[in-house]
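Asker: Residue 52 is where the sequence shown starts when you use my numbering, and the numbers rise one by one after that. All residues carry an ideal CB built from backbone N, CA and C; glycine is no exception. All values reported here derive from a predicted model rather than from experimental measurement. My questions all concern the structure below.
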Amino acid sequence: ARVERGVGAVSYGSGMAAIHAALLTAGLTMGAKIVASQDLYGPTITLLRSVFVPVGVELVLTDLCKPEALDLIRAEEPDVIYLETVSNPLVKVVDLNAISMVAREVGAITIVDSTFSTPYLTRPLEHGLDLVVHSATKYIGGHGDSTGGIVISAKQALLDQLHSYTILLGAMLSPFESHLMLRGLRTLALRMERQCKNAMQVAAFLHQHPLIERVHYPGLAEHPQHDLATRLMDHGQYGGLLAFELKEQSRAAAFCFMNKLQLCIHATTLGDVFSLVSYPPVSSHRTLNTTELHAMGITAGCIRMSVGIENVEDIILDLDQALKQV
(Lines of atoms letter the chains of each structure in order from A and count residues from 1; the text may use other names and numbers.)
(Lines give C-alpha, C1' and ligand atoms only; values in the text may rest on other atoms or scores of the structure.)
Protein backbone atom coordinates (compact mmCIF):
# COMPACT_ATOMS: atom_id res chain seq x y z
CA ALA A 1 0.00 0.00 0.00
CA ARG A 2 2.84 2.42 0.80
CA VAL A 3 4.55 1.71 -2.51
CA GLU A 4 1.33 2.47 -4.41
CA ARG A 5 0.54 5.49 -2.16
CA GLY A 6 -2.74 3.96 -0.98
CA VAL A 7 -4.47 3.99 2.41
CA GLY A 8 -4.31 0.21 2.59
CA ALA A 9 -4.23 -3.04 0.64
CA VAL A 10 -5.85 -6.46 0.75
CA SER A 11 -4.19 -9.61 -0.59
CA TYR A 12 -5.90 -12.51 -2.33
CA GLY A 13 -5.10 -16.03 -3.45
CA SER A 14 -4.93 -15.05 -7.13
CA GLY A 15 -5.06 -12.09 -9.45
CA MET A 16 -8.55 -13.07 -10.64
CA ALA A 17 -9.79 -13.18 -7.04
CA ALA A 18 -8.41 -9.67 -6.56
CA ILE A 19 -10.18 -8.45 -9.71
CA HIS A 20 -13.45 -10.05 -8.59
CA ALA A 21 -13.22 -8.41 -5.17
CA ALA A 22 -12.41 -5.02 -6.67
CA LEU A 23 -15.43 -5.17 -8.98
CA LEU A 24 -17.75 -6.08 -6.11
CA THR A 25 -16.27 -3.34 -3.94
CA ALA A 26 -16.86 -0.78 -6.69
CA GLY A 27 -20.56 -1.63 -6.56
CA LEU A 28 -20.92 -3.79 -9.65
CA THR A 29 -24.30 -5.34 -8.85
CA MET A 30 -27.68 -5.67 -10.56
CA GLY A 31 -28.56 -2.52 -12.48
CA ALA A 32 -25.02 -1.12 -12.48
CA LYS A 33 -23.14 -0.19 -15.63
CA ILE A 34 -19.44 -0.64 -16.32
CA VAL A 35 -17.35 0.82 -19.13
CA ALA A 36 -14.26 -1.34 -19.61
CA SER A 37 -11.34 -1.38 -21.99
CA GLN A 38 -11.81 -3.79 -24.90
CA ASP A 39 -8.12 -4.67 -24.57
CA LEU A 40 -8.40 -6.34 -21.17
CA TYR A 41 -6.82 -9.62 -20.13
CA GLY A 42 -9.03 -12.34 -21.62
CA PRO A 43 -10.26 -13.89 -18.33
CA THR A 44 -11.22 -10.43 -17.03
CA ILE A 45 -13.57 -9.98 -20.00
CA THR A 46 -14.90 -13.51 -19.44
CA LEU A 47 -15.49 -12.74 -15.74
CA LEU A 48 -17.51 -9.66 -16.65
CA ARG A 49 -19.54 -11.50 -19.29
CA SER A 50 -20.06 -14.79 -17.46
CA VAL A 51 -20.54 -13.64 -13.86
CA PHE A 52 -21.66 -10.01 -13.82
CA VAL A 53 -23.71 -9.59 -17.02
CA PRO A 54 -26.05 -12.53 -16.18
CA VAL A 55 -27.01 -10.86 -12.88
CA GLY A 56 -28.03 -7.61 -14.52
CA VAL A 57 -24.81 -5.64 -14.99
CA GLU A 58 -24.56 -3.66 -18.23
CA LEU A 59 -21.14 -4.03 -19.88
CA VAL A 60 -19.81 -1.53 -22.41
CA LEU A 61 -16.46 -2.38 -24.01
CA THR A 62 -14.51 0.33 -25.82
CA ASP A 63 -11.00 1.35 -26.80
CA LEU A 64 -10.01 3.59 -23.90
CA CYS A 65 -6.86 4.66 -25.75
CA LYS A 66 -8.94 6.71 -28.18
CA PRO A 67 -9.91 10.31 -27.30
CA GLU A 68 -13.55 9.65 -28.23
CA ALA A 69 -13.75 7.15 -25.36
CA LEU A 70 -14.02 10.10 -22.98
CA ASP A 71 -17.17 11.29 -24.75
CA LEU A 72 -18.58 7.77 -24.61
CA ILE A 73 -18.02 7.66 -20.84
CA ARG A 74 -19.81 10.99 -20.45
CA ALA A 75 -22.73 9.69 -22.52
CA GLU A 76 -22.96 6.30 -20.77
CA GLU A 77 -22.48 7.67 -17.22
CA PRO A 78 -21.22 4.34 -15.86
CA ASP A 79 -20.95 3.39 -12.21
CA VAL A 80 -17.56 1.75 -12.75
CA ILE A 81 -14.68 2.22 -15.21
CA TYR A 82 -12.20 -0.64 -15.56
CA LEU A 83 -8.89 -0.41 -17.42
CA GLU A 84 -5.30 -1.61 -17.52
CA THR A 85 -2.33 0.75 -17.27
CA VAL A 86 -0.63 -1.33 -19.95
CA SER A 87 -2.81 -3.72 -21.93
CA ASN A 88 -2.31 -7.42 -22.48
CA PRO A 89 -0.84 -8.42 -24.89
CA LEU A 90 -0.34 -5.39 -27.19
CA VAL A 91 1.00 -3.08 -24.44
CA LYS A 92 -1.31 -0.17 -25.23
CA VAL A 93 -1.11 2.67 -22.70
CA VAL A 94 -4.17 4.49 -21.33
CA ASP A 95 -4.15 8.14 -20.24
CA LEU A 96 -4.79 7.73 -16.50
CA ASN A 97 -5.21 11.46 -15.89
CA ALA A 98 -7.89 11.80 -18.57
CA ILE A 99 -9.80 8.76 -17.31
CA SER A 100 -9.61 10.03 -13.73
CA MET A 101 -10.94 13.42 -14.77
CA VAL A 102 -13.94 12.08 -16.70
CA ALA A 103 -14.68 9.55 -13.95
CA ARG A 104 -15.04 12.38 -11.46
CA GLU A 105 -17.39 14.17 -13.87
CA VAL A 106 -19.79 11.21 -14.03
CA GLY A 107 -19.25 9.94 -10.48
CA ALA A 108 -17.75 6.59 -11.49
CA ILE A 109 -15.41 4.46 -9.40
CA THR A 110 -12.22 3.61 -11.29
CA ILE A 111 -10.34 0.32 -11.16
CA VAL A 112 -7.00 -0.10 -12.91
CA ASP A 113 -5.03 -3.31 -13.35
CA SER A 114 -1.42 -2.16 -13.10
CA THR A 115 0.19 -5.61 -13.17
CA PHE A 116 2.45 -4.91 -16.15
CA SER A 117 3.80 -1.51 -15.16
CA THR A 118 4.14 -2.25 -11.41
CA PRO A 119 4.61 0.61 -8.91
CA TYR A 120 8.23 0.80 -10.06
CA LEU A 121 7.00 2.54 -13.22
CA THR A 122 3.51 3.88 -12.52
CA ARG A 123 1.36 4.53 -9.45
CA PRO A 124 -2.22 5.06 -10.66
CA LEU A 125 -3.54 6.35 -7.33
CA GLU A 126 -1.29 9.38 -7.77
CA HIS A 127 -3.28 10.11 -10.94
CA GLY A 128 -6.61 10.10 -9.13
CA LEU A 129 -7.86 6.55 -9.63
CA ASP A 130 -9.67 4.69 -6.84
CA LEU A 131 -8.54 1.06 -6.82
CA VAL A 132 -5.39 -0.58 -8.17
CA VAL A 133 -5.24 -4.32 -8.88
CA HIS A 134 -2.12 -6.44 -9.29
CA SER A 135 -1.73 -10.06 -10.22
CA ALA A 136 1.13 -10.52 -7.76
CA THR A 137 1.83 -13.83 -9.48
CA LYS A 138 3.67 -11.81 -12.10
CA TYR A 139 6.25 -9.08 -11.43
CA ILE A 140 5.62 -8.61 -7.71
CA GLY A 141 6.26 -12.27 -6.90
CA GLY A 142 8.76 -12.25 -9.71
CA HIS A 143 10.01 -15.84 -9.64
CA GLY A 144 7.19 -17.91 -11.13
CA ASP A 145 6.75 -19.92 -7.94
CA SER A 146 3.68 -18.35 -6.31
CA THR A 147 0.19 -17.06 -7.06
CA GLY A 148 -1.54 -14.09 -5.53
CA GLY A 149 -3.38 -10.85 -6.08
CA ILE A 150 -3.49 -7.46 -4.39
CA VAL A 151 -6.00 -4.60 -4.38
CA ILE A 152 -4.85 -1.19 -3.12
CA SER A 153 -7.38 1.50 -2.26
CA ALA A 154 -7.12 5.28 -2.31
CA LYS A 155 -10.08 5.61 0.08
CA GLN A 156 -10.76 4.14 3.51
CA ALA A 157 -14.43 3.41 2.73
CA LEU A 158 -13.47 1.25 -0.25
CA LEU A 159 -10.79 -0.48 1.82
CA ASP A 160 -13.38 -1.42 4.45
CA GLN A 161 -15.56 -2.92 1.71
CA LEU A 162 -12.60 -4.87 0.37
CA HIS A 163 -12.03 -6.45 3.77
CA SER A 164 -15.68 -7.48 3.93
CA TYR A 165 -15.67 -9.12 0.51
CA THR A 166 -12.40 -10.89 1.26
CA ILE A 167 -14.09 -12.74 4.10
CA LEU A 168 -17.14 -13.58 1.99
CA LEU A 169 -15.17 -14.72 -1.05
CA GLY A 170 -12.80 -16.87 1.01
CA ALA A 171 -9.95 -16.04 -1.33
CA MET A 172 -7.28 -15.14 1.21
CA LEU A 173 -3.58 -15.38 0.42
CA SER A 174 -1.87 -18.17 2.36
CA PRO A 175 0.92 -17.35 4.84
CA PHE A 176 3.64 -18.97 2.73
CA GLU A 177 2.47 -17.27 -0.47
CA SER A 178 2.51 -13.99 1.48
CA HIS A 179 6.13 -14.67 2.42
CA LEU A 180 7.02 -15.27 -1.24
CA MET A 181 5.33 -12.03 -2.31
CA LEU A 182 7.17 -10.03 0.34
CA ARG A 183 10.41 -11.66 -0.81
CA GLY A 184 9.63 -10.58 -4.36
CA LEU A 185 8.93 -6.99 -3.35
CA ARG A 186 12.44 -6.67 -1.94
CA THR A 187 13.96 -7.15 -5.40
CA LEU A 188 11.19 -5.61 -7.52
CA ALA A 189 13.15 -2.47 -8.41
CA LEU A 190 16.31 -4.43 -9.24
CA ARG A 191 14.46 -6.89 -11.46
CA MET A 192 12.32 -4.28 -13.19
CA GLU A 193 15.31 -2.08 -13.97
CA ARG A 194 17.07 -4.97 -15.71
CA GLN A 195 13.94 -6.29 -17.43
CA CYS A 196 13.01 -2.85 -18.78
CA LYS A 197 16.52 -2.29 -20.08
CA ASN A 198 16.60 -5.72 -21.73
CA ALA A 199 13.12 -5.26 -23.21
CA MET A 200 14.12 -1.98 -24.85
CA GLN A 201 17.08 -3.64 -26.55
CA VAL A 202 15.03 -6.67 -27.59
CA ALA A 203 12.31 -4.43 -29.03
CA ALA A 204 14.87 -2.43 -30.99
CA PHE A 205 16.38 -5.65 -32.38
CA LEU A 206 13.02 -7.08 -33.41
CA HIS A 207 11.91 -3.76 -34.90
CA GLN A 208 14.63 -3.97 -37.56
CA HIS A 209 14.42 -7.75 -38.11
CA PRO A 210 13.36 -8.73 -41.66
CA LEU A 211 11.14 -11.57 -40.41
CA ILE A 212 9.12 -9.37 -38.05
CA GLU A 213 6.06 -7.48 -39.30
CA ARG A 214 5.44 -5.26 -36.26
CA VAL A 215 6.67 -4.71 -32.69
CA HIS A 216 4.43 -3.46 -29.90
CA TYR A 217 6.47 -1.74 -27.19
CA PRO A 218 5.85 1.75 -25.75
CA GLY A 219 9.57 2.47 -25.58
CA LEU A 220 9.75 2.59 -29.38
CA ALA A 221 9.15 6.03 -30.87
CA GLU A 222 6.78 4.43 -33.39
CA HIS A 223 4.41 3.19 -30.66
CA PRO A 224 1.15 5.20 -30.80
CA GLN A 225 1.28 5.97 -27.06
CA HIS A 226 5.03 6.50 -26.78
CA ASP A 227 4.76 10.12 -25.62
CA LEU A 228 2.03 9.25 -23.12
CA ALA A 229 4.09 6.36 -21.74
CA THR A 230 7.07 8.68 -21.36
CA ARG A 231 4.95 10.99 -19.20
CA LEU A 232 3.34 8.23 -17.13
CA MET A 233 6.31 5.92 -16.53
CA ASP A 234 9.26 6.66 -14.28
CA HIS A 235 13.02 6.17 -14.76
CA GLY A 236 12.83 6.66 -18.54
CA GLN A 237 11.81 3.00 -18.85
CA TYR A 238 8.80 1.29 -20.39
CA GLY A 239 8.29 -2.13 -18.85
CA GLY A 240 9.48 -5.66 -19.44
CA LEU A 241 6.64 -6.84 -21.67
CA LEU A 242 6.35 -6.57 -25.44
CA ALA A 243 4.55 -8.22 -28.32
CA PHE A 244 5.58 -8.77 -31.91
CA GLU A 245 4.04 -10.13 -35.08
CA LEU A 246 5.75 -12.57 -37.41
CA LYS A 247 5.66 -11.80 -41.12
CA GLU A 248 4.38 -15.35 -41.54
CA GLN A 249 0.93 -14.78 -40.05
CA SER A 250 -0.10 -18.25 -38.92
CA ARG A 251 -0.46 -20.36 -35.81
CA ALA A 252 1.90 -22.93 -37.31
CA ALA A 253 4.64 -20.33 -37.77
CA ALA A 254 4.13 -19.02 -34.24
CA PHE A 255 4.51 -22.45 -32.68
CA CYS A 256 7.43 -23.31 -34.95
CA PHE A 257 9.19 -20.20 -33.67
CA MET A 258 8.45 -20.90 -30.01
CA ASN A 259 9.48 -24.55 -30.30
CA LYS A 260 12.86 -23.56 -31.76
CA LEU A 261 13.76 -21.31 -28.82
CA GLN A 262 16.51 -22.65 -26.57
CA LEU A 263 16.90 -20.00 -23.85
CA CYS A 264 13.48 -18.35 -23.82
CA ILE A 265 10.72 -20.50 -22.36
CA HIS A 266 7.26 -21.12 -23.82
CA ALA A 267 4.93 -20.38 -20.88
CA THR A 268 1.59 -18.68 -20.32
CA THR A 269 2.71 -16.60 -17.33
CA LEU A 270 4.94 -13.53 -17.28
CA GLY A 271 7.04 -11.34 -15.00
CA ASP A 272 9.51 -14.11 -14.16
CA VAL A 273 13.29 -13.64 -14.10
CA PHE A 274 13.41 -15.90 -17.16
CA SER A 275 12.36 -14.71 -20.62
CA LEU A 276 8.97 -16.19 -21.49
CA VAL A 277 6.96 -16.28 -24.71
CA SER A 278 3.33 -17.18 -25.31
CA TYR A 279 0.75 -17.26 -28.09
CA PRO A 280 -2.22 -15.15 -26.91
CA PRO A 281 -4.93 -16.73 -29.14
CA VAL A 282 -4.55 -20.03 -27.27
CA SER A 283 -3.44 -18.73 -23.87
CA SER A 284 -4.36 -15.37 -22.31
CA HIS A 285 -7.14 -14.68 -24.85
CA ARG A 286 -8.28 -18.21 -25.70
CA THR A 287 -11.88 -17.47 -24.61
CA LEU A 288 -12.30 -14.82 -27.33
CA ASN A 289 -13.44 -15.61 -30.86
CA THR A 290 -11.61 -14.66 -34.05
CA THR A 291 -13.68 -11.50 -34.59
CA GLU A 292 -12.93 -10.28 -31.08
CA LEU A 293 -9.23 -11.05 -31.45
CA HIS A 294 -9.07 -9.08 -34.70
CA ALA A 295 -10.91 -6.15 -33.09
CA MET A 296 -8.24 -6.08 -30.40
CA GLY A 297 -5.46 -6.26 -33.01
CA ILE A 298 -4.28 -9.75 -32.01
CA THR A 299 -3.19 -11.43 -35.23
CA ALA A 300 -2.44 -15.05 -36.08
CA GLY A 301 1.29 -14.26 -35.93
CA CYS A 302 1.24 -12.44 -32.59
CA ILE A 303 3.75 -13.47 -29.91
CA ARG A 304 3.79 -12.02 -26.40
CA MET A 305 7.19 -11.84 -24.70
CA SER A 306 8.03 -11.21 -21.07
CA VAL A 307 11.71 -10.29 -21.13
CA GLY A 308 13.80 -11.66 -18.28
CA ILE A 309 17.03 -10.67 -16.59
CA GLU A 310 19.38 -12.86 -18.63
CA ASN A 311 22.25 -11.39 -20.62
CA VAL A 312 20.42 -9.48 -23.33
CA GLU A 313 22.84 -10.64 -26.03
CA ASP A 314 21.90 -14.23 -25.23
CA ILE A 315 18.19 -13.39 -25.48
CA ILE A 316 18.67 -11.71 -28.86
CA LEU A 317 20.78 -14.56 -30.23
CA ASP A 318 18.10 -17.05 -29.21
CA LEU A 319 15.32 -15.05 -30.84
CA ASP A 320 17.34 -14.63 -34.02
CA GLN A 321 18.18 -18.31 -34.44
CA ALA A 322 14.55 -19.31 -33.84
CA LEU A 323 13.21 -16.74 -36.30
CA LYS A 324 15.54 -18.00 -39.01
CA GLN A 325 14.04 -21.49 -38.66
CA VAL A 326 10.42 -20.42 -39.15
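1) Flag LYS84 as yes when its Cβ comes closer than 6 Å to any non-hydrogen atom of the ligand PLP, and as no otherwise.
2) Applying the 10 Å Cβ sphere with the 16-neighbour rule, what's the burial state of SER225?
3) Is it true that the CB of GLN376 sits closer than 7 Å to the CB of LYS311?
4) Specify the secondary structure class of LYS311 as computed by DSSP and reduced to three states.
5) Are the segment 152-166 and the segment 221-238 in contact at 8 Å, needing three or more beta carbon pairs?
6) Please classify VAL102: is it buried, with 16 or more other beta-carbons within 10 angstroms of its beta-carbon, or exposed?
7) Rounded to a whole number of angstroms, what is the C-alpha to C-alpha distance between TYR63 and VAL54?
8) Assign GLU273 to one of three DSSP states: helix, strand, or coil.
9) Curious, which full-length alpha helix (DSSP H) runs of at least 4 residues does the segment 211-288 contain?
10) Bridge partners for ILE85 per DSSP, in chain order?
11) Taking DSSP as the reference, what is the three-state secondary structure of TYR63?
12) For the candidate residues VAL86, VAL358, SER326 and ALA255, whose alpha-carbon lies nearest to that of CYS116?
13) Just how far apart, CA to CA, sit ALA154 and THR281?
14) DSSP beta-bridge partners for GLU296?
15) Between ALA73, ALA351, LEU172 and GLU128, which has its C-alpha nearest LEU279's C-alpha?
16) When the Cα of HIS214 is compared with those of GLY359, ALA73, ARG174 and PRO118, which residue comes out closest?
17) Answer yes if the segment 328-337 comes into contact with the segment 353-362, meaning at least three C-beta pairs across the two stretches below 8 Å, and no otherwise.
18) Give every residue of the same chain whose Cβ lies closer than 8 Å to the Cβ of SER229, excluding the five residues on either side of it in the sequence, and list them in chain order.
19) In whole angstroms, what is the alpha-carbon distance linking PRO94 and HIS317?
20) With C-beta atoms as the reference, is GLU296 less than 7 Å away from CYS353?
21) Going by DSSP in three states, VAL54 sits in which element: helix, strand or coil?
22) Using only the alpha-carbon positions, how far apart do PHE308 and LEU141 sit?
23) Consult DSSP for GLY200 and reduce its assignment to one of helix, strand or coil.
24) Is it the case that the Cβ atoms of GLY78 and ASP130 are separated by a distance below 7 Å?
25) Could you tell me whether the Cβ atoms of GLN259 and PRO269 are closer together than 7 Å?
26) Could you give the first and the last residue of the continuous alpha helix (DSSP H) run that contains SER186?
27) Among HIS185, GLN252 and GLY107, whose alpha-carbon lies nearest the alpha-carbon of LEU134?
28) In the DSSP assignment, the beta strand (DSSP E) including THR97 goes from what residue to what residue?
29) Going straight from the alpha carbon of SER88 to that of CYS315, what length do you get?
Answerer: Put simply:
1) No copy of the ligand PLP occurs in the structure displayed, which carries no ligand at all.
2) exposed
3) yes
4) The DSSP-derived three-state label of LYS311 is helix.
5) no
6) exposed
7) 18 Å
8) coil
9) 226-237, 239-258 and 277-283
10) Note: ILE85 sits in a beta bridge opposite LEU110 and VAL131.
11) strand
12) Comparing Cα positions, the closest option is VAL86.
13) Roughly 23 Å separates the two Cα atoms.
14) ARG265 and CYS353
15) The candidate whose alpha carbon is nearest that of LEU279 is LEU172.
16) Cα-wise, what sits closest to HIS214 is ALA73.
17) With the cut-off at 8 Å, the segment 353-362 and the segment 328-337 touch.
18) SER62 and GLY199
19) Cα to Cα, the separation comes out at about 20 Å.
20) yes
21) coil
22) 19 Å
23) strand
24) Result yes, Cβ atoms of GLY78 and ASP130 sit closer than 7 Å.
25) no
26) No alpha helix (DSSP H) contains SER186, which is instead part of the beta strand (DSSP E) from 182-186.
27) HIS185
28) If you look at THR97, you'll find it isn't in any beta strand (DSSP E); it sits in the alpha helix (DSSP H) that goes 93-98.
29) 30 Å
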